[in-house]
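Taking it in order: structure first as C-alpha cells, then the write-up.
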Amino acid sequence: MYSRIVGTGSYLPEKVLTNKELESMVETSHEWIVERTGIHQRHIAAEDESASVLGAKAAERAIEAAGIDKNEIDMIIVATATSDRLFPSTACFVGKKLGLEGVAAFDVTAACAGFVYGMSIADQYIRTGNKKNILVIGTEVLSRILDWEDRTTCVLFGDGAGAVVMSASEEQGIMSTHVHADGSYVDLLYSPNIIRGQEEGCVRPKVFMKGNEVFKVAVRTLSSIVDETLTANNMTREDIDWLIPHQANIRIIQATAKKLQMPMEQVMVTVNEHGNTSSASIPLALDKAVRAGTIKRGETLLLETFGGGFAWASALLKL
Ligand code: UT7
Numbered sequence: 006m007y008s009r010i011v012g013t014g015s016y017l018p019e020k021v022l023t024n025k026e027l028e029s030m031v032e033t034s035h036e037w038i039v040e041r042t043g044i045h046q047r048h049i050a051a052e053d054e055s056a057s058v059l060g061a062k063a064a065e066r067a068i069e070a071a072g073i074d075k076n077e078i079d080m081i082i083v084a085t086a087t088s089d090r091l092f093p094s095t096a097c098f099v100g101k102k103l104g105l106e107g108v109a110a111f112d113v114t115a116a117c118a119g120f121v122y123g124m125s126i127a128d129q130y131i132r133t134g135n136k137k138n139i140l141v142i143g144t145e146v147l148s149r150i151l152d153w154e155d156r157t158t159c160v161l162f163g164d165g166a167g168a169v170v171m172s173a174s175e176e177q178g179i180m181s182t183h184v185h186a187d188g189s190y191v192d193l194l195y196s197p198n199i200i201r202g203q204e205e206g207c208v209r210p211k212v213f214m215k216g217n218e219v220f221k222v223a224v225r226t227l228s229s230i231v232d233e234t235l236t237a238n239n240m241t242r243e244d245i246d247w248l249i250p251h252q253a254n255i256r257i258i259q260a261t262a263k264k265l266q267m268p269m270e271q272v273m274v275t276v277n278e279h280g281n282t283s284s285a286s287i288p289l290a291l292d293k294a295v296r297a298g299t300i301k302r303g304e305t306l307l308l309e310t311f312g313g314g315f316a317w318a319s320a321l322l323k324l
C-alpha cells in the first residue's frame, strides 16, 4: 500500500502588498527586494482571516479536486507557525469549519518545513493501513507576527494556504520522505510566543532572523538533502521532472537547482508573487502548477524545504 496525492488546493487572501507600497512603510526599494530575494509582491490576510480560515478554504478546494466526499477524510494535519490559538490546534478549527466531527486533528510545528513533515506523518499512517484519506495543510498569517517597522524581515513574508489530500493507493505515489532538525540554530530564526516574548522584553510580535547566516546553512543543507533523497531512491536528477522548493529566496532556489544541475525551467517559482509563506509555500506552488496543467499526473516531483529550528525536509513522489 502506498500514499498518493489525489487532490490539491490553495487559497490566497485578496489583498496584495507590492514592494512599491512597502517603500512608503520602511526604508527599502523595489529594486533591493527583487535583487536580494526575487519577491515582487505578497498577499496579506484580512482582519477576519486566521490561519484556520485560509487553511479550510485551501482544504475545501483540495477535497473537491480529489473528488471524494469530505466525510471520507479521517485525519487533518495542519502545519503552521501562526496558529489561531496557542491551543487547541489550528487543525481542530479547520475540522470545525469543514464540519468534520470526531476526525483526528493536530498541528505540526516545524516552521517552513512543517508541510513536508506533515506529509511524512500522513505517509506513515496511510502505508501502515491506519488511515485512508488525510488532509495535509500548510497555512500562515505571517503578517500578524511581523514588525512592520523592521525592513530586514517585513519585506520577506506573506500570507496564504495550500493543502493536499493524501489517500491510500495501490499505485506508487510518495516514494520517500526525509526529515531532519538541528536545535543548535534555534536563535538564528525565530518568533517568541506571547509568554516568552514578554519575558524577553519583546512587546509586540516579531520575527528575528540573522538572514545571512540562515542563507548559508540553507543552501548547504538543501543541497545535501536533495542528494540524500536521490541516493535513497537510487535515482539521479534526470529522473526528476519538477523541483518544488520552499519559496524563501530566489537565490537559494537557484543555488539548489544549480547544485542539482536542474534547469530553472523545471523548477517551480512562486516567491515573486507570494513572498515567503513558510509552511504554505510548497503546497501553494504545487497547486498552482497542477491547476495550470504545468505538472501532470505521473510526473516525478522532488519537494525540499528549510526553516527555523533549523528544520529541513524533502519528499520524492509520483503525482
Ligand atoms: O524561510 C526560512 C528560511 N529563510 C531564509 O532562507 C532566508 C535566508 N536569508 C535571506 O534570504 C537573505 O539573507 C535576506 C534576503 C534576508 C537578506 O539578503 P542579504 O543579501 O543576506 O542581505 P544582508 O542581510 O547582508 O543585508 C545587506 C544590506 C544591509 O546593509 P549594510 O549593513 O550592508 O549597510 C542591510 O541593512 O541590506 C540592508 N537591508 C535592506 N536594504 C533595503 C536589509 N534589508 C533591507 C531592505 N531594504 N528591506
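Residue 6 is where the sequence shown starts when you use my numbering, and the numbers rise one by one after that. Glycine is no exception: its CB is placed at the ideal position from the N, C-alpha and C atoms.
If residue 15 sits next to residue 288, beta carbons under 8 angstroms apart, how far is it from one beta carbon to the other, in whole angstroms? Confirmed, Cβ separation roughly 6 angstroms.
Which residue or residues does DSSP assign as beta-bridge partners of residue 248? Under DSSP, residue 248 shares a beta bridge with 272, 307.
Can you have a look at residue 55 and say buried or exposed, based on whether 16 or more other CB atoms are within 10 angstroms of its CB? Counting every other CB atom within 10 Å of its CB across the protein chains shown gives residue 55 a total of 16 or more, marking it as buried.
Can you tell me whether residue 144 is buried or exposed, with buried defined as 16 or more other CB within 10 angstroms of its CB? Around the beta carbon of residue 144, 16 or more other beta carbons lie within 10 angstroms, which makes this residue buried.
Consider the C-beta atom of residue 34 and the heavy atoms of the ligand UT7; say whether any pair is separated by less than 7 angstroms. Proximity of the beta carbon of residue 34 to the ligand UT7 is indicated: a heavy atom of the ligand is located closer than 7 angstroms.
Within this structure, are the beta carbons of residue 260 and residue 224 separated by less than 8 angstroms? Cβ distance < 8 angstroms, so residue 260 and residue 224 count as in contact.
Identify whether residue 279 lies in helix, strand or coil by the three-state DSSP scheme. Residue 279 falls in the helix class under three-state DSSP.
Ordered along the chain, which non-local residues of its own chain (more than five positions away) have a Cβ less than 7 angstroms from that of residue 241? Contacts found: 235.
Candidates 203, 196, 71: which alpha carbon is nearest residue 85's? Minimum Cα distance to residue 85 is reached at 196.
What's the gap between the Cα of residue 174 and the Cα of residue 7? Those two C-alpha atoms are separated by around 5 angstroms.
What's the call for residue 200, buried or exposed, on a 16-neighbour Cβ count within 10 Å? Taking a 10 Å sphere around the C-beta of residue 200, we find fewer than 16 other C-beta atoms and assign the residue as exposed.
Would you check if the distance between the CB atom of residue 292 and the CB atom of residue 271 is smaller than 8 angstroms? For the 8 angstroms CB-CB criterion, residue 292 and residue 271 do not form a contact.
Which residue comes first and which comes last in the beta strand (DSSP E) that contains residue 323? 316-323 is the span of the beta strand (DSSP E), which, as asked, contains residue 323.
Could you tell me which uninterrupted alpha helix (DSSP H) segments, each at least 4 residues in length, are contained entirely in the segment 175-260, listed from first to last along the chain? The segment 175-260 contains these whole alpha helix (DSSP H) runs: 199-204, 216-237.
Determine the closest residue to residue 130 out of 27, 82, 91, 94, with distance taken between C-alpha atoms. Residue 82 holds the alpha-carbon nearest to the alpha-carbon of residue 130 among 27, 82, 91, 94.
Cα-Cα separation between residue 25 and residue 166, rounded to whole angstroms: Approximately 24 angstroms between the Cα atoms of the pair.
Give a yes or no on contact between the segment 108-123 and the segment 135-151, applying the rule of three or more CB pairs nearer than 8 angstroms. Output reads yes: the segment 135-151 touches the segment 108-123.
Through-space distance from residue 141 to residue 295, alpha-carbon basis: Residue 295 and residue 141 have their alpha carbons spaced roughly 16 angstroms apart.
Going by DSSP, name the residue or residues bridged to residue 173. Paired residue(s): 8.
Could you tell me which residues DSSP pairs with residue 138 in its beta bridges? Answer is 172, bridged to residue 138.
Within 10 angstroms of the Cβ of residue 254, are there 16 or more other Cβ atoms? Answer buried if so, exposed if not. Classification of residue 254: buried, given that the 10 Å Cβ count is 16 or more.
Buried or exposed: where does residue 265 fall if 16 or more other Cβ atoms within 10 Å of its Cβ makes it buried? Burial of residue 265 is indicated by the presence of at least 16 other C-beta atoms within 10 angstroms of its C-beta.
Looking at C-beta atoms only, is the number of pairs between the segment 35-42 and the segment 64-78 that lie closer than 8 angstroms three or more? With a cut-off of 8 angstroms on Cβ pairs, the segment 35-42 is not in contact with the segment 64-78, counting fewer than three such pairs.
Mark residue 177 as exposed unless 16 or more other C-beta atoms lie within 10 angstroms of its C-beta, in which case mark it buried. A residue is called buried when at least 16 other Cβ atoms come within 10 angstroms of its Cβ; residue 177 does not meet this threshold and is exposed.
Among 315, 314, 310, nearest to residue 125 - alpha-carbon criterion: Closest in C-alpha terms to residue 125, from the list 315, 314, 310, comes 310.
Checking contacts by CB at 8 angstroms: is residue 116 closer than that to chain B? Annotation note: the requested chain B is absent from the structure, which comprises a single protein chain.
Could you have a look at residue 26 and say whether DSSP puts it in helix, strand or coil? In the structure shown, residue 26 sits in a helix (DSSP, three-state: H, G or I).
Is the beta carbon of residue 160 less than 8 angstroms from the beta carbon of residue 33? Cβ atoms of residue 160 and residue 33: closer than 8 angstroms.
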